[in-house]
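Just so you know, the sequences run in chain order V and W. When you line the first sequence up against the numbering used here, it's residues 8 to 149, in that order. When you line the second sequence up against the numbering used here, it's residues 88 to 205, in that order. Backbone N, C-alpha and C fix where the C-beta goes; we use that ideal spot for every residue, glycine too.
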Amino acid sequence: MSAQHTYRSTLSIPSQTERLNDVREFVSALARTHGFGEDDINKITIAVDEACTNIIKHGYNYSPDKHIDVEIVRNGNDFEIIISDKGKQFDPKAIQTPDMKDYFQHYRRGGLGVYLMKRIMDKVEFDLHSDKNVLRMIKTLH
Amino acid sequence: MSEFKVTIRPRDNNIHVLELKGYLDAHTTPVLEDSFQKMLNEKKYRLIVNCKELSYISSAGLGVFMAFIEDVRANNGDIKMSDMSPKVFNIFDLLGFPMLYDIVKLEEEAAGKFETAK
Numbered sequence: 008m009s010a011q012h013t014y015r016s017t018l019s020i021p022s023q024t025e026r027l028n029d030v031r032e033f034v035s036a037l038a039r040t041h042g043f044g045e046d047d048i049n050k051i052t053i054a055v056d057e058a059c060t061n062i063i064k065h066g067y068n069y070s071p072d073k074h075i076d077v078e079i080v081r082n083g084n085d086f087e088i089i090i091s092d093k094g095k096q097f098d099p100k101a102i103q104t105p106d107m108k109d110y111f112q113h114y115r116r117g118g119l120g121v122y123l124m125k126r127i128m129d130k131v132e133f134d135l136h137s138d139k140n141v142l143r144m145i146k147t148l149h
Numbered sequence: 088m089s090e091f092k093v094t095i096r097p098r099d100n101n102i103h104v105l106e107l108k109g110y111l112d113a114h115t116t117p118v119l120e121d122s123f124q125k126m127l128n129e130k131k132y133r134l135i136v137n138c139k140e141l142s143y144i145s146s147a148g149l150g151v152f153m154a155f156i157e158d159v160r161a162n163n164g165d166i167k168m169s170d171m172s173p174k175v176f177n178i179f180d181l182l183g184f185p186m187l188y189d190i191v192k193l194e195e196e197a198a199g200k201f202e203t204a205k
């Protein structure tokens, strides 16, 4: 399987919000290298930030000594980001698409990360394994 | 580490401007929360958030605006936003924030949307 990948790069960060900038720089630099325009680079960067923020907040409950692994794989025109953690599992099916009208009417806060990821990436998939959670996101180069 | 700074500047008509600079993410949101809280503590409810130097925002940053808008409006004030780069506006727009907030091109325009202070 790995033979068909034209490119692969990884970064592991501790589960700390102050490291979000490192992930953003890592991902945006690679997206730029792979030919994405500024708008797509911003979207990819935000999607990865949202994913890591959710893991730090909900998966690891702000415990700072855990890890998040970020892997970038370029496969044909697909720029794939695979984010793995060993935090608390959640049921991806339980995440509902927010009704934004209701959200604003009731001044709600939070809970927009996954929705935003799905809006700005071409594909978002959660795979739960017994030993880790894996999130795969794809942005396709056109 | 992400860098983010808020500078508060009073202007005419009892309005205060919060100038945002840098990266607003889950790490830096407390800086903006503290600034809004300071405004509320001082009973300053006519606020413009000038985003001219805001390079980046994630949903954690958007959440700060949601946390304060109700209190601000309950006191006959508002949080209006101006001078966003297309990149930052795009994220507000994707999530429908223009439904709840006045987001305008220039600070001057935002200031004009406040009624004259009594």
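Here's the rule I'm using: 16 or more other beta-carbon atoms within 10 Å means buried, otherwise exposed. How should residue i be labelled?
i	result
V:Asp109	exposed
V:Ser9	Confidence in V:Ser9 is poor, its pLDDT being 47 and thus under 50, which makes the residue's placement too unreliable to answer from.
V:Gly42	exposed
W:Glu202	exposed
V:Tyr14	exposed
V:Asn68	exposed
V:Asp47	buried
V:Thr60	buried
V:Gly94	buried
V:Asn140	buried
W:Asp99	exposed
W:Lys200	exposed
W:Ser197	For clarity, residue 197 of chain W is Ala in the given sequence; the question names Ser instead. Buried: at least 16 other Cβ atoms inside 10 Å.
Kindly list, in the order they appear in chain V, the residues whose Cβ is closer than 8 Å to that of residue i.
i	result
W:Gly148	Those do not exist, as W:Gly148 stays about 10 Å from chain V at its closest Cβ, beyond 8 Å.
Just confirm the distance between the C-beta atoms of residue i and residue j, as a whole number of angstroms; I'd bet it's less than 8 Å.
i	j	result
V:Glu57	V:Leu135	The Cβ separation is near 18 Å, so there is no contact.
W:Gly183	V:Met107	4 Å
W:Val118	W:Leu105	Not confirmed; about 11 Å, so no contact.
V:Gly120	W:Ser146	5 Å
W:Glu194	W:Ile135	6 Å
V:Ile90	V:Ile75	7 Å
W:Phe91	W:Gly109	4 Å
Measuring alpha carbon to alpha carbon, tell me which of the options ends up nearest residue i.
i	options	result
W:Phe152	W:Glu90, W:Lys130 and W:Lys167	W:Lys167
V:Pro21	V:Lys73, V:Asn68, V:Arg39 and V:Ala54	V:Lys73
V:Gln112	W:Ile135, W:Glu194 and W:Leu187	W:Leu187
V:Ile53	W:Asp99, W:Val136 and W:Val175	W:Val175
W:Ser169	W:Ala161, W:Glu90, W:Pro185 and W:Ala154	W:Pro185
V:His149	V:Asn84, V:Ile75, V:Thr104 and V:Arg39	V:Asn84
W:Lys131	W:Leu149, W:Ala161 and W:Thr116	W:Ala161
Which residues in chain V have a C-beta closer than 9 Å to the C-beta of residue i? List them in chain order.
i	result
W:Met89	One point to set straight first is that residue 89 of chain W is Ser, not Met, in the sequence displayed. Chain V residues near W:Ser89: Thr24, Glu25, Leu27, Asn28 and Arg31.
Listing by chain order, which chain V residues have their CB less than 7 Å from the CB of residue i?
i	result
W:Ile156	Tyr114
W:Ile95	In chain order: nothing, as chain V lies at least about 23 Å away.
W:Ile178	Ile53
Taking Cβ-Cβ distances shorter than 8 Å, what residues in chain W pair up with residue i?
i	result
V:Met107	Leu182, Gly183 and Met186
V:Phe97	Result: empty, since nearest Cβ-Cβ is about 17 Å, beyond 8 Å.
Give the interface partners of residue i over in chain W, defined as CB-CB distance under 7 Å, in chain order.
i	result
V:Asp56	Asp112 and Ser145
V:Asn49	Lys174
Can you pull the chain W residues whose beta carbon is under 9 Å from the beta carbon of residue i, in chain order?
i	result
V:Gly117	Ser146, Ala147, Gly150 and Met153
V:Phe43	Simply none; closest approach about 13 Å.
Handout entry: Residues in the stretch 60-86 of chain V having any Cβ partner in chain W nearer than 8 Å
Key = Listed by position, the residues of the stretch 60-86 of chain V near chain W (Cβ gap below 8 Å) are Thr60, Ile63 and Lys64.
Practice task
Please name the residues in the stretch 120-134 of chain V whose beta-carbon is closer than 8 Å to at least one beta-carbon of chain W, in chain order.
Solution key: Correct list: Gly120, Tyr122, Leu123, Arg126 and Ile127.
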